[in-house]
Amino acid sequence: MSPFLYSRIIRIFCLIFLLISIGSIIFLSYYQPQSNKAPPANKVFDTTRYPAVQQEIGGFFLDRFSGNRRIITIKADKFLVESKKLGFLRFGLMNEVRLDNAVLAIYADKTQNGGVDKKHFSLPGKVRSQRLTYKDLFSGETLSPISSKRIYSVTMTPVRIELHDERTTVTTISADLGKIRLTKRDILFMGNVRLVSGDKVLLTDQARLIPEKGEIGCNHPFTLTISGQKRTGNHLFTDVFLNPLFS
-19 MSPFLYSRII RIFCLIFLLI SIGSIIFLSY YQPQSNKAPP ANKVFDTTRY PAVQQEIGGF
41 FLDRFSGNRR IITIKADKFL VESKKLGFLR FGLMNEVRLD NAVLAIYADK TQNGGVDKKH
101 FSLPGKVRSQ RLTYKDLFSG ETLSPISSKR IYSVTMTPVR IELHDERTTV TTISADLGKI
161 RLTKRDILFM GNVRLVSGDK VLLTDQARLI PEKGEIGCNH PFTLTISGQK RTGNHLFTDV
221 FLNPLFS
């Protein structure tokens, strides 16, 4: 046999051996008995990334008092607590309360009678002779049933709030969304915001209520109507009766 022919035969056998070896490895890895495999571990989901709702209550109602004086009532079709969302992710360190179709009634501190505040503009309409504040809203244990569990805010969609003095409703506020910001101690309103107090109507897209000061702030385009007379602008501060104040 010539050396050339012998070399070709050796190469063919080496190639066949290599193919058989590769095929054997693939066969054994694919068809090995299932009993030799370790049982699959239970799948654990990252609860900080895909958390479930922690608490959900239908027909929510809360009524809080300070002694014999009512401070706030909250009614909502649904109450739920969920982790804070940032983009598409949620984080379990901070939680948010969500209320559907929320109606709140907030009751003022004991009134302090006196003259008309010197900061009032001379605008048409009856000016109330008292300043109302709602300091008890963020004090003590008033909101403790919904502000525990690392809660940083309460979001309400939509929302209607009635501000009361000691006897009656003095102002109503409605919006597509309301947010009780516990760290800033205010209530932010966004989307179709409408405030009504007597013959005064304030329309805007965003406003905030500062309960402890009894003030309402607006840094967005607004229309304030008092006894049929309209005033427009981009910045406004009022008391809870919608009487404009100097900044």
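Read in order, the letters of the sequence shown are residues -19 to 227 in my numbering. Each residue gets a CB set at the ideal place from its N, CA and C atoms; glycine is no exception. The structure presented is a predicted model; accordingly, all values stated were derived computationally and were not measured.
Check, Outcome
"Sort Phe202, Ser124, Val77, Ile0 by Cα distance to Asp43 and report the nearest one.", "Ser124"
"Straight-line CA distance for Leu225 to Gly213?", "14 Å"
"Would you call the CB atoms of Thr137 and Ala82 closer than 9 Å?", "yes"
"Starting from Gly171, follow the beta strand (DSSP E) in both directions and report where the run begins and ends.", "166 to 177"
"Looking at the secondary structure, which residues open and close the beta strand (DSSP E) in which Glu267 lies?", "Since the first residue shown for the chain is -19 and the last is 227, residue 267 is missing from the structure and cannot be characterised."
"Mind checking Asn48: buried by the 16 CB within 10 Å criterion, or exposed?", "exposed"
"With 16 as the cutoff for other CB atoms within 10 Å, does Phe41 come out buried or exposed?", "exposed"
"Whose C-alpha, out of Phe(-3), Ala85, His215, is nearest the C-alpha of Thr148?", "Ala85"
"So the beta strand (DSSP E) Glu238 belongs to, where does it begin and stop?", "Because residue 238 is not part of the residues shown, which for the chain are -19 to 227, the question remains open."
"Where DSSP assigns a beta bridge to Asn214, which residues make up the other side?", "Looking at the DSSP assignment, Asn214 forms no beta bridge with any residue, so it has no partner."
"Could you tell me the distance, in whole angstroms, from the CA atom of Asn172 to the CA atom of Ala155?", "5 Å"
"For Lys180 and Thr205, which I take to be in contact (beta-carbon distance under 8 Å), what is that distance rounded to the nearest angstrom?", "7 Å"
"Go ahead and pull the three-state DSSP assignment for Phe221.", "coil"
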